[in-house]
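**Student:** Residue numbers (full-length UniProt numbering): 1 to 75.
Using N, Cα and C, we set each Cβ at its ideal position, and we do this for glycine too.
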Amino acid sequence: MNFPVIDPVATGSRIDALRRDRGFSVADLKDYFGLSTTNAIYKWIHGYALPSIDNFLALSVLFGVSINDMIAYRD
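This is the structure:
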């Protein structure tokens, strides 16, 4: 049995697809999280970084999906 790991690029693509499907701009997410720039959001959607677990929870509530629906993993 292999140990599963999060695929940051695929997870970022899922977050970006959900954002677009729900009609949110990157600036909307920046404002939702109270950030001063969009840098963190772009890092998430391009797979350079992952949201914290608190931010995953906030995204799941905003998008109306479970955290598992946003996370892509490989084993």
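Could you tell me the alpha carbon to alpha carbon distance between Val9 and Arg22, rounded to whole angstroms?
**Tutor:** 20 Å
**Student:** Roughly how many angstroms separate the alpha carbons of Lys43 and Met1, rounded to a whole number?
**Tutor:** Taking the straight line from one Cα to the other gives about 31 Å.
**Student:** Within its chain, find whatever has a CB closer than 6 Å to the CB of Leu29; leave out the 5 residues flanking it on each side and keep chain order.
**Tutor:** Cβ neighbours of Leu29 within its own chain (closer than 6 Å, five residues either side excluded): Ile41.
**Student:** Around the Cβ of Leu59, are there at least 16 other Cβ atoms within 10 angstroms (buried) or fewer (exposed)?
**Tutor:** With 16 or more other Cβ atoms inside 10 Å of its own Cβ, Leu59 counts as buried.
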